[in-house]
Each structure stands twice: as C-alpha cells, then as structure tokens.
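Protein chains in written order, with our numbering: chain A, 497 to 715; chain B, 177 to 412. First up is the structure itself, then whatever we jot down about it.
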C-alpha cells in the first residue's frame, strides 16, 4: 500500500562500467549522480592458514578514502560492506580461500556508502563468484520539518536531522543491512524503509541492464 | 524474479521451467545453477541456456579459474616435492601432478620436467575440499596431446574467451588455420599456449584471439582476413 504511493520517483542517474581494471578478477566503476566509487574483487585466492575458515571463504574488505589516510569511519564502512557481502556470496562453495574486495572512493557528493555497496555488488557480478542474491542499497534523509528525501545531496545530508540507509536482497526484498544516524521517530523509520524498498527495484533493474549490455557477445 | 531460458539473469532469480522438467525426467544443472528447497536458483550473472534434452547452465563472465573435473588446463610447474610436482593452474591453490602420471613413466624412469615448464594436463580430482590433482595421460595410459609444452608463448585471457574459441561454431580457429600454420593449446583455466614459425606470426595469432573476445562471428572472419593480409603483405 505504501509502495503504491511512491511509484513516480527517480534515483540519481547511475552510470557503470564493468571490468574497468584489467588485472583484477572483477571490477566496476559506478557513478550515482556525482558520487563515484571504484571497486575491485580478487578471489578465491590462497590465504595464510591462520585466517582460513574450514566452512566458508574469508572475506576481506579494504576501503580507501580519497584523502588516503585511513580512519575510524572507514573501518565502519568496511564492516558494513563486509557483512553485507557475506550474506550475498555463497562462501560455502569456496572453503579455505580468501576473497578480497578493494573499494576506492573517487568523488563524494552524498550517498558514498550506498554507492560503495552497489559498486561492490556490480564488481562481484563481474567476478563470476557464486552469489545467493544481489543487493541494492538506497539511502534517504529526514530534514528538520520531517520530510523524507530519497537519495539526498551533500548539502541535504549536512542539514538533515537524520540519515537512513538500507540494503535489500533481490529475492524477497528483505532488509539485509540498515544503518542510521541522527534522531527520528519509529513512524519515520518505517516510512523510509518502505520508500527505499520500493526504490531498490530501480537499482535491480539497473543491474540487469548493465549485465544485458555485455551478455550478447560472451557466449 | 522468475526467469525463462535465454533471459539475462542475476543471482537470486529462479527458473520454474527447470523444476517442471525435473518432475518428468532427470535434469543436469550446469555452472551457475543451484537447487534449493523450493526452486532452482541462479548464482551467476549472465544468460540462462538450455541444451536439449535436459541440460541447463548460465553463460557468465569470469576471469578467475575454479577447478572442475576432466577439464584440460595449462599449468606452470612451480615446485618439485618428493614424487609430486606442484603446478600453478591459476586457481586458489596449486595442483598436484604425480611423476608417475606421464606416459611410460616408472619409478626408475622419471619424466623430464623442470621447474618453470609449461604443462598441458587434465584435471583428475577437483573438489572444493581437496587439493586438485592433474594427470598427463588418458585412461589408456597414452599421453595423447597432454604433456610438457616446449617453446611457444603463453598468455592469459578470460575463461569465457576460451569457451568461445573452443566452441565448434566459432569461426576464429577455422579462419586462422587456413592462413598460416601454428600450434595452439587452450586451457580451460584461461591460459593459451601458441607456437608459430616466426615471432611475427605468433604475435598475430595472439592478437587475433584476444581481439575476438567482444566480436560477433562475422566480425571475427573479417578480422582474421585483415590480419592475414597485413601479415602476408609485410612478409613477402
């Protein structure tokens, strides 16, 4: 019912190039509006015995910011992306191996983390690793008067009372990851969740478009 | 999302046609497909294909090799360990190749394989839980075309380019082999070994193969004629 009301929305224009890096096993560069992120995936690889897991592949995520100096917020982004990817990848098919995901921020004009999650997902699709489902991240902001803004710009985020980001899977559109900042009511959270869930369809359609462009010639 | 044969698919999609066929007879699920409790789910992004009567798979893009049984691969010997050679095949760990699995090899009569040699071998064991194992003989104890590859030139490419050029309907090798003589071994692990009479011809074969990755069949034929005419023009 809620999803019906928000049919006529648009996300920022997305542009993507797969296989952007020649040496890595899978890579993608994604622009969402003016935010640009480059992700590369390597694996399954041999890793040292102490970090091997008997049941599943060990996932390692490295986020490098534009400034180059690593800080605590980068570690937070890494753990969000790692946990999201762990649900998506079928790690049980590659036991005792390591998968390395490297993400490079190129431009940040708001929605960096959502762009990073989507870009990582595209890089994983390009790498040919087996996955349970694909993931789509959508962000929104709550301004002072209580209005929800989907895919906020940098200025809107700075002045927002709260920002919320959600990651959905492609099977049943269930929530995989959620991360929020600021103060908001329960009702606002639920509304934001439903709006983002509806918007995630656009991201999934975009993934399919990207894959369709190169599918004709690989057979 | 529900998909049909021939559709562009993403991980998490499911195909009910396969489940319906599975009720009638046995079906073979190839790479990129996985049966879960209720549906057959897709695991890789690409195109869903079917070969009659009942084989299904997903054509996907991939660069990293994941070993699978009975595929021919090109590896490089990296270590001699007792009665084993360790061979790098581009997977997550090296493969083992026993020195007895060469034609005519005995405990006394070891094959002449040095570290750094390029080997064309068949996957005997390839399971996710075990070290992959290679052999250089077929089940009759004959070497066939397997064994050490001498001279020549090895280069890497994506796994689906290998599948493309080895596909019987692909015109690339058909057109090239009429133009000038060369030898070629394509490993399913994304490595190609080529050997021609001159350096020029070797490079030409290499470029023709790499250039074919994103071309259609007709474009491949045109490219091969172009390369051949350039080569002939300069050589003569």
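Glycine is no exception: its CB is placed at the ideal position from the N, C-alpha and C atoms. This one's a predicted model, so the numbers in the text were calculated from it and none came from an experiment.
- Looking from the CA of residue 622 of chain A, the closest CA among A:681, A:628, A:514 belongs to A:514.
- Residue 273 of chain B is positioned such that its CB atom lies closer than 8 Å to that of residue 297 of chain B.
- Annotation: Cβ neighbours of residue 221 of chain B in chain A (cutoff 7 Å, chain order): 621, 707.
- Checking the DSSP bridge columns, you'll see residue 557 of chain A partnered with A:597.
- The beta-bridge partner set that DSSP reports for residue 705 of chain A is empty.
- One Cα belongs to residue 631 of chain A, the other to residue 228 of chain B, and the distance between them is close to 33 Å.
- With a threshold of 16 other beta carbon atoms within 10 Å, residue 588 of chain A falls short and is exposed.
- Beyond the five residues adjoining it in sequence on each side, residue 598 of chain A comes within less than 6 Å, by CB distance, of 536, 558 in the same chain, given in chain order.
- Bounds of the beta strand (DSSP E) holding residue 210 of chain B are 209 to 211.
- Counting only runs of at least 4 residues, the stretch 504 to 559 of chain A fully encloses no alpha helix (DSSP H) element at all.
- Leaving aside the five residues that flank residue 231 of chain B on each side, the residues in its chain whose CB is nearer than 8 Å to its CB run, in chain order, 203, 204, 206.
- Within the stretch 262 to 301 of chain B, complete beta strand (DSSP E) segments of at least 3 residues are found at 271 to 274, 294 to 301, given in chain order.
- For residue 628 of chain A, the neighbours in chain B by C-beta distance under 8 Å run, in chain order, 187, 188, 217, 219.
- When DSSP reads this structure, residue 383 of chain B sits in no beta bridge, so it has no partner.
- Of all residues in the stretch 256 to 285 of chain B, the ones placed with a Cβ closer than 9 Å to any Cβ belonging to chain A are 267, 268, 269, 270, in chain order.
- Between the alpha carbons of residue 224 of chain B and residue 190 of chain B lies a distance of about 11 Å.
- Per DSSP, residue 575 of chain A lies in no beta strand (DSSP E) segment; the continuous alpha helix (DSSP H) that holds it begins and ends at 568 to 584.
- Excluding residues up to 5 positions away in sequence, 352, 358, 360, 370, 372 lie with their Cβ nearer than 8 Å to the Cβ of residue 381 of chain B in the same chain.
- Contact annotation: the stretch 242 to 255 of chain B touches the stretch 288 to 304 of chain B, with at least three C-beta pairs closer than 8 Å.
- Identification of residues in the stretch 684 to 707 of chain A having a C-beta nearer than 7 Å to some C-beta of chain B yields 703, 704, 707, given in sequence order.
- Selection B:188, B:318, B:214, B:187 evaluated against residue 199 of chain B yields B:214 as nearest (Cα-Cα).
- When secondary structure is reduced to three states using DSSP, residue 359 of chain B falls in the strand class.
- For the stretch 588 to 618 of chain A, residues whose beta-carbon sits nearer than 7 Å to a beta-carbon of chain B comprise 589, 590, 591, 593.
- Per the DSSP secondary-structure output, residue 185 of chain B pairs in a beta bridge with B:222.
- Taking 8 Å as the cut-off, the beta carbon of residue 363 of chain B is found closer than this to the beta carbon of residue 249 of chain B.
- Distance between residue 277 of chain B and residue 332 of chain B, taken at the CA atoms: about 26 Å.
- A straight line joining the alpha-carbon of residue 299 of chain B with that of residue 406 of chain B spans about 39 Å.
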